[in-house]
Amino acid sequence: LIRDIMAMNKMNVLHWHLVDSESFPYVSTTFPQLSQVGAYSSRHVYTPKTIRDILQYARIRGIRVIPEFDLPGHTGSWKGQPELLTECFDASKKPTYQNLVDPSKEENFEFLTKFFSEVVNAFPDDFLHLGGDEVADYITECWKVLNVKIQDFMKRKSFGNNTTLLENYFFDRVAEIIKNLPSKRRMVFWQEVFDNNKPNGSIIQVWKGNTHEEILREVKAVTAKGFNVIVSACWYLNYIKYGADWKDETAGSSPSNSRSLFKRLSSIFSQHLTLLLKSTDGKELETNEQQRKEMAI
1 LIRDIMAMNK MNVLHWHLVD SESFPYVSTT FPQLSQVGAY SSRHVYTPKT IRDILQYARI
61 RGIRVIPEFD LPGHTGSWKG QPELLTECFD ASKKPTYQNL VDPSKEENFE FLTKFFSEVV
121 NAFPDDFLHL GGDEVADYIT ECWKVLNVKI QDFMKRKSFG NNTTLLENYF FDRVAEIIKN
181 LPSKRRMVFW QEVFDNNKPN GSIIQVWKGN THEEILREVK AVTAKGFNVI VSACWYLNYI
241 KYGADWKDET AGSSPSNSRS LFKRLSSIFS QHLTLLLKST DGKELETNEQ QRKEMAI
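In terms of full-length UniProt numbering, the sequence shown opens at residue 1 and continues consecutively.
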């Protein structure tokens, strides 16, 4: 249904956020335990055949599919891979929710190499989205003072207590993995990766900013350093608003309002409409979301 609505509105790229903290529905042939442990159920998964069918259905309608596997945060559902996630602790030093990859273990980068070797074979598009957002939400519990093992690793790497250096180290290693794959891919990251100035040559997806001016300021900061940009303005199709109320969420920052200012920035690849399905069902897709997409265009 999403692809049909996209085709009707002449939208030609589906950015597919395949997995997140809550669920791992992607069925990996190399690491089947990921979905076996991380999916909601054995019914709520995307098998290799399902993915091939989705890609073919999209291709016929002129739609590219860019997969996203968000790292190193939003990975709570990756628990099917032993030792992949960092131990996390609350203020009383009790174990808490694990939602960051452990960058101190070499075997985790070996795992990611094998995993993404499979992913690029499953998804032929030239772009691969690797996430990178909201890592800071879990750094204190998972990477900082409360995790002695991570602190020891940071000392060995001469990072001191600077978790930004640890995050940069992780993205450097991931970028190296992708660059060395036989099937070359252009990497896409969320804006936070740019904020830490890593890695060069990637595409940055800007999602911060709630007004036209704030968004343009963010875009200029990214393009000034030579990065290509995908702009995710505050244009979330799943906002629980109805009728005229919805305009309050997008006033002053719609993609159409931005065109006149963005047209001189040749580094901008596209503008991006976001739909979070955790708060949207099939009926809303046919009613609210269809109308909102038409308004966005």
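For glycine and all other residues, C-beta sits at the position ideal for the given N, C-alpha and C. None of the values given here were measured: they were computed from a predicted structure.
Cα-Cα separation, residue i to residue j
i: Glu107; j: Glu83; result: 9 angstroms
i: Tyr26; j: Thr50; result: 10 angstroms
i: Thr47; j: Ser41; result: 13 angstroms
i: Val37; j: Arg43; result: 13 angstroms
i: Tyr97; j: Glu87; result: 8 angstroms
i: Arg64; j: Leu146; result: 43 angstroms
i: Phe115; j: Glu214; result: 37 angstroms
i: Gln56; j: Asn99; result: 33 angstroms
i: Gln81; j: Met11; result: 36 angstroms
i: Ala122; j: Gly62; result: 18 angstroms
i: His206; j: Asn180; result: One point to set straight first is that residue 206 is Val, not His, in the sequence displayed. Their backbone Cα atoms lie some 26 angstroms apart in a straight line.
i: Leu128; j: Lys149; result: 31 angstroms
i: residue 319; j: Ser232; result: Outside the displayed span of the chain (1 to 297) sits residue 319, for which this structure offers no information.
i: Thr75; j: Lys220; result: 30 angstroms
i: Ile139; j: Asp102; result: 11 angstroms
i: Phe69; j: Asp20; result: 8 angstroms
i: Glu141; j: Asn210; result: 29 angstroms
i: Ile60; j: Asp125; result: 15 angstroms
i: Thr223; j: His212; result: 16 angstroms
i: Gln191; j: Ile230; result: 10 angstroms
i: Lys198; j: Arg52; result: 32 angstroms
i: Asn161; j: Gly201; result: 27 angstroms
i: Arg264; j: Arg156; result: Note that Arg264 scores a pLDDT of 49, beneath 50, so its modelled location is shaky; the value from the coordinates is reported in the next line. The alpha-carbon atoms of Arg264 and Arg156 are separated by roughly 46 angstroms.
6 angstroms Cβ shell around residue i - same chain, five flanking residues per side excluded
i: Glu134; result: Gly73
i: Trp16; result: Val65, Pro67
i: Ser23; result: Ala39, Tyr40, Ser77
i: Ile240; result: The predicted position of Ile240 is uncertain, since its pLDDT is 49 and thus under 50; a value taken from the coordinates is nonetheless stated next. Excluding sequence neighbours, Ile240 sits near nothing in its chain.
i: Asp137; result: none
i: Glu218; result: Val206, Lys208, Gly209
i: Ala175; result: Pro199
i: Asp90; result: Thr96
i: Gly173; result: The sequence given here places Arg at residue 173; Gly does not occur at that position. Contacts found: Phe109.
Beta-carbon contacts of residue i that lie in its chain and below 8 angstroms, excluding the five residues immediately before and after
i: Thr29; result: Pro48, Glu118
i: Lys93; result: Leu146
i: Ile177; result: Phe109, Leu112, Thr113, Phe116
i: Ser35; result: Phe24, Pro25, Tyr26, Val27, Ser28, Val45, Gly80
Rounded Cβ spacing between residue i and residue j (contact assumed at less than 8 angstroms)
i: Val188; j: Leu130; result: 7 angstroms
i: Phe153; j: Ser104; result: 4 angstroms
i: Ile203; j: Arg186; result: 6 angstroms
Contact set for residue i: own chain, Cβ-Cβ below 7 angstroms, skip 5 residues either direction
i: Pro32; result: none
i: Phe159; result: Leu165, Leu166
i: Trp143; result: Thr86, Leu100, Ile150, Thr163, Leu166
Beta bridge counterpart(s) of residue i as assigned by DSSP
i: Gly73; result: Leu100
i: Tyr40; result: In the DSSP output, where bridge partners are listed per residue, Tyr40 has none listed.
i: His17; result: Glu68
i: Asn228; result: Ile203
i: Leu85; result: Val101
i: Ile26; result: Just to set this straight, residue 26 is Tyr in the shown sequence, not Ile. Tyr46, per the DSSP bridge assignment.
Margin query: Could you tell me which whole alpha helix (DSSP H) segments of length 4 or greater appear in the segment 89-156?
Written below: Here the runs fully enclosed are 106-122, 136-142, 148-156.
Item checked: Contiguous beta strand (DSSP E) assignments of at least 3 residues, all confined to the segment 173-199 -> 186-190
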